[in-house]
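Protein sequence lines correspond, in order, to chains B and W. Here the first sequence stands for residues 6 to 287, numbered as in this note's numbering. Here the second sequence stands for residues 270 to 400, numbered as in this note's numbering. All C-beta atoms, glycine included, are put in the ideal place defined by N, C-alpha and C. To start, the structure itself, in structure tokens.
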Amino acid sequence: MTSYLNYFGFGGDKASASKTMDTLPVKQSPVRALPATWYTSLEMYEFERRAIFTRRWLFMTHSSRIKDSGDFLRFDIAGYDIIINRNRSGNINAFHNVCRHRAYPIVERKEGNAKIFACRYHGWSYGLNGHLAKAPGYQDLEGYQKEQNSLFSIHVKVDTNDFIWINMDAKEIPEVPWEEHFDNVDKQERYSEFNFNDYELDHTYEIEGDFNWKILADNFNECYHCPTTHPDIPEFINLETFDSDLQDGHIQHHCISTPEQAAKGLGVASTYHFPNTSMTVS
Amino acid sequence: MVQKFLPSGPLKSTMNYEIYRNKHSSTEDFDLISSMYARVMAEDKVLCDQAQKNLNIGVFVNGQLHPKYEKAPLFFQQTVREIVTAHWKREQVEGKKIWPAKREVEDQISQDDVRICEDISCGEQKEAMMW
């Protein structure tokens, strides 16, 4: 085990340590994958919900999807029901979709525009910054403090290209800073030819499957399977030159387009952001 | 394209896609790329379905990955391994599960209620371990 830890340029258990892998050892050996139980066990999944999904920064979407004040999107990530919205002053917020009263979801649609979040259950309502605006009947109660009943907020980071990231750590400042794993991931040199604000959402779709999320990550992050399973890919990607740069919390996939591919504008820049999101631009 | 892998259980996940279009690209160019992605993702879905089925059976434990062609999955897995190991050690030291998103309760009655339930569950765990 030690040998390949060193091979990656790190060892021990420092999940936060900066790591890079520029050079390969002279003689390479095959490396054991994580065991199957890590892909099947309920306990491991629950463990990942606390160790990974609510601790690390998650790349979510582009802010052009919520242009106007009141626009919101709702996502389910590892069972966490969350809302990302734009407030009246144009800033982006994120909240857990749970009323502070009796835990009913304050938003039941997948997306939309709401000037106020009103809970359908007992009529509690919240402003776009998550502050409790109205709790019917509670104004007459002694010792009831509105301020202590704001929606549970989620940390938000908007990067240089206006992509939205969240971190669900309940602490006022997340234990893991965004920069620790994603410093400059939004300022890649290859992005200079793209203006992310020229892109508009065209459509979305989902594919559900009976698999662990990590098997999807394992699959997406290699193209060893491409020649045998994706007949179309050679038209788009020059597989001979495919390689990946690994650093901190991200994986930058790249290849050198053939002149024909370049002429068609098929140059692709793909980055996988740990744990669960890739962004590919062409 | 933004692709999110959204888990909803150990054996259930959703591949979520947001397809963006460059304002300056022609319909033809856009369709060429977006249809290619859709095909590739549908092909990937089948690969993951079938491989996962065999992981579930309990015969195969783990294979050997190629250090160059599969260096990114290895890096991904190593990151998972490190995070899990570090968090597990922390939980061992603190003697409890650490849920970063969980909100703390402040009043005494709630704290007592929470503790009673923790002790009850904890007792069950200890018994399970002695078994």
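* Can you find a CB in chain B that lies within less than 8 angstroms of the CB of Glu287 of chain W? -> Against the second sequence, residue 287 of chain W aligns to sequence position 18. So yes, Glu287 of chain W belongs to the interface.
* Using a cut-off of 9 angstroms between C-beta atoms, extract the partners of Gln290 of chain B located in chain W. => With chain B covering only 6 through 287, there is no way to say anything about residue 290 of chain B.
* Using a Cβ cut-off of 8 angstroms, pull out every chain A residue sitting near Lys219 of chain B, in sequence order please. => Judged by its chain identifiers, the structure shown contains no chain A, and its protein chains are B and W.
* Per-residue DSSP class, three states only, for Ile385 of chain W -> For the purposes of this step, residue 385 of chain W is taken as the residue at position 116 of the second sequence. The answer is helix: DSSP assigns Ile385 of chain W an H, G or I state.
* Asked: Start and end of the alpha helix (DSSP H) containing Ile326 of chain W?
  -> As a position in the second sequence, residue 326 of chain W is number 57, starting the count at 1. Element bounds for Ile326 of chain W: 296-326.
* By Cβ distance, which residues of its chain are closer than 8 angstroms to Val112 of chain B, with the 5 residues on each side in sequence left out? -> As a position in the first sequence, residue 112 of chain B is number 107, starting the count at 1. The residues are Phe77, Arg79, Ile88, Asn102, Ala119, Phe122.
* Grouping DSSP H, G and I as helix and E and B as strand, with all else coil, what is His356 of chain W? -> Translated into positions along the second sequence, residue 356 of chain W becomes position 87. It is helical.
* Asked: Are the segment 55-73 of chain B and the segment 353-366 of chain W touching by the rule of at least three beta carbon pairs closer than 8 angstroms?
  -> When C-beta atoms of the segment 55-73 of chain B are compared with those of the segment 353-366 of chain W, three or more pairs fall below 8 angstroms, so the two segments count as touching.
* Nearest neighbour of His208 of chain B, chosen from W:Asn285, W:Lys314, W:Asp381 [CA to CA] -> Position 203 of the first sequence, counted from the start, is the residue given in the question as residue 208 of chain B. Among W:Asn285, W:Lys314, W:Asp381, the Cα nearest to that of His208 of chain B belongs to W:Asn285.
* CB of Ile242 of chain B within 8 angstroms of CB of Val273 of chain B, strictly -> Position 237 of the first sequence, counting from 1, holds the residue named residue 242 of chain B. Position 268 of the first sequence, counting from 1, holds the residue named residue 273 of chain B. Taking C-beta atoms as the reference points, Ile242 of chain B and Val273 of chain B count as a pair closer than 8 angstroms.
* Please go through the segment 123-209 of chain B and give each complete beta strand (DSSP E) segment of 3 or more residues, from N-terminal end onward. => DSSP runs (the beta strand (DSSP E)) wholly in the segment 123-209 of chain B: 137-139, 158-163, 168-172.
* Anticipated Cβ contact below 8 angstroms, Tyr229 of chain B with Tyr306 of chain W, distance rounded -> Here residue 229 of chain B refers to the residue found at position 224 of the first sequence. Here residue 306 of chain W refers to the residue found at position 37 of the second sequence. Rounded, the Cβ-Cβ distance is 19 angstroms, inconsistent with contact.
* For His278 of chain B, which residues from the same chain have a beta carbon less than 6 angstroms from its beta carbon, with the 5 sequence-adjacent residues on both sides left out? -> Working through the first sequence from its first residue, we reach residue 278 of chain B at position 273. Phe64, His255, listed in sequence order.
* Please list the partners that Cys317 of chain W has in chain B, where partner means a Cβ-to-Cβ separation under 7 angstroms. => As a first step, residue 317 of chain W is located in the second sequence; it is residue number 48 there, counting from the start. Under the 7 angstroms cutoff, chain B gives Gly214, Phe216, Ile220, Leu221, Asn224.
* Boundaries (first-last residue) of the beta strand (DSSP E) holding Thr282 of chain B -> Taking the first sequence and counting its residues from 1, the one referred to as residue 282 of chain B is at position 277. In the DSSP assignment, Thr282 of chain B falls within the unbroken beta strand (DSSP E) covering 282-286.
* To do: For Arg114 of chain B, collect the residues of the same chain with a Cβ closer than 8 angstroms to its Cβ; drop the 5 residues on either side in sequence, then sort them by chain order.
  => Here residue 114 of chain B corresponds to residue number 109 of the first sequence, with the count starting at 1. Spatial neighbours of Arg114 of chain B in its own chain (CB-CB distance under 8 angstroms, excluding positions within 5 residues in sequence) are listed in chain order as Arg79.
* Asked: Helix, strand or coil for Phe77 of chain B per DSSP?
  -> Within the first sequence, residue 77 of chain B is the residue found at index 72, counting from 1. In this structure, Phe77 of chain B counts as strand in the three-state DSSP scheme.
* To do: Please name the residue, chosen from B:Leu244, B:Phe199, B:Asp174, that lies closest to Thr263 of chain B on a Cα-to-Cα basis.
  => Start at 1 with the first residue of the first sequence, and residue 263 of chain B comes out as number 258. If we check each option's Cα against that of Thr263 of chain B, B:Leu244 comes out closest.
* Asked: Would you say the segment 286-297 of chain W touches the segment 175-195 of chain B, given that touching needs at least three Cβ pairs under 8 angstroms?
  -> By the C-beta criterion, the segment 286-297 of chain W is judged not to be in contact with the segment 175-195 of chain B, since fewer than 3 inter-stretch pairs fall below 8 angstroms.
* To do: Please say whether Asp164 of chain B and Leu275 of chain W have beta carbons closer to each other than 8 angstroms?
  => Indexing the second sequence from 1 puts residue 275 of chain W at position 6. Indexing the first sequence from 1 puts residue 164 of chain B at position 159. Against a cut-off of 8 angstroms, the Cβ pair of Asp164 of chain B and Leu275 of chain W comes out as no contact.
* List the residues of chain W that Thr276 of chain B touches, going by C-beta distances under 8 angstroms, in chain order. => Sequence index remark: in the first sequence, residue 276 of chain B carries index 271 (1-based). Within 8 angstroms Cβ-Cβ: nothing; Thr276 of chain B doesn't reach chain W, min ~11 angstroms.
* To do: Run down chain B in chain order and give the residues with a C-beta less than 8 angstroms from the C-beta of Ile389 of chain W.
  => As a first step, residue 389 of chain W must be located in the second sequence, where it is residue number 120. Taking a Cβ-Cβ cut-off of 8 angstroms, Ile389 of chain W has no neighbours in chain B, whose nearest Cβ is about 18 angstroms from it.
* To do: Taking Ala267 of chain B as part of the alpha helix (DSSP H), name the residues at either end of that continuous run.
  => The residue you call residue 267 of chain B lines up with position 262 of the first sequence. Counted as a single uninterrupted DSSP element, the alpha helix (DSSP H) harbouring Ala267 of chain B occupies residues 264-268.
* Nearest to Cys104 of chain B by CA position, among B:Tyr131, B:Asn202, B:Gly117, is which residue? -> Your numbering for residue 104 of chain B matches position 99 in the first sequence. When only C-alpha atoms are compared, the closest one is B:Tyr131.
* **Short Cβ contact (8 angstroms threshold) for Thr276 of chain B with Gln252 of chain B** => Reading the first sequence from its first residue, position 271 is the one you call residue 276 of chain B. Reading the first sequence from its first residue, position 247 is the one you call residue 252 of chain B. For Thr276 of chain B and Gln252 of chain B, no; Cβs fall outside 8 angstroms.
* Among the residues of its own chain, which have a CB less than 6 angstroms from the CB of Asn172 of chain B, if the five just before and after it don't count? -> For this step, residue 172 of chain B is matched to residue 167 along the first sequence. Result list for Asn172 of chain B: Trp62, His160, Pro179, in chain order.
* **Rounded separation between Lys162 of chain B and Val328 of chain W - CA only** => For the purposes of this step, residue 162 of chain B is identified with residue 157 of the first sequence, where counting begins at 1. For the purposes of this step, residue 328 of chain W is identified with residue 59 of the second sequence, where counting begins at 1. Answer to the nearest angstrom: the Cα atoms are 43 angstroms apart.
* For chain W, is any of its Cβ atoms less than 8 angstroms away from the one on Thr246 of chain B? -> Working through the first sequence from its first residue, we reach residue 246 of chain B at position 241. Look at Thr246 of chain B: its C-beta is not under 8 angstroms from any C-beta on chain W.
* Where DSSP assigns a beta bridge to Glu116 of chain B, which residues make up the other side? -> For this step, residue 116 of chain B is matched to residue 111 along the first sequence. In the DSSP output, where bridge partners are listed per residue, Glu116 of chain B has B:Leu78.
* **Interface flag, Asn281 of chain B vs chain W, CB-CB below 8 angstroms** => For the purposes of this step, residue 281 of chain B is identified with residue 276 of the first sequence, where counting begins at 1. At least one chain W Cβ lies under 8 angstroms of Asn281 of chain B.
* With DSSP run on the structure shown, which of helix, strand or coil describes Leu280 of chain W? -> The residue you call residue 280 of chain W lines up with position 11 of the second sequence. When DSSP states are grouped into helix, strand and coil, Leu280 of chain W belongs to the coil group.
* **chain B contact residues for Asp410 of chain W, given Cβ-Cβ distances below 9 angstroms** => No statement about residue 410 of chain W is possible, as the shown extent of chain W runs from 270 to 400 and does not include it.
* Asked: Listing by chain order, which chain W residues have their CB less than 8 angstroms from the CB of Phe241 of chain B?
  -> For the purposes of this step, residue 241 of chain B is taken as the residue at position 236 of the first sequence. Neighbours of Phe241 of chain B on chain W, chain order: Ile302, Met305.
* Taking the CB atoms as reference points, tell me whether Asn134 of chain B and Asn98 of chain B lie closer together than 8 angstroms. => What you label residue 134 of chain B is simply residue 129 of the first sequence in a count that begins at 1. What you label residue 98 of chain B is simply residue 93 of the first sequence in a count that begins at 1. Contact annotation: Asn134 of chain B and Asn98 of chain B have beta-carbon atoms nearer than 8 angstroms.
* To do: Report the neighbours of Thr209 of chain B on chain W: residues whose CB is nearer than 8 angstroms to its CB, in chain order.
  => Translated into positions along the first sequence, residue 209 of chain B becomes position 204. Within 8 angstroms Cβ-Cβ: Asn285, Tyr286, Glu287, Ile288.
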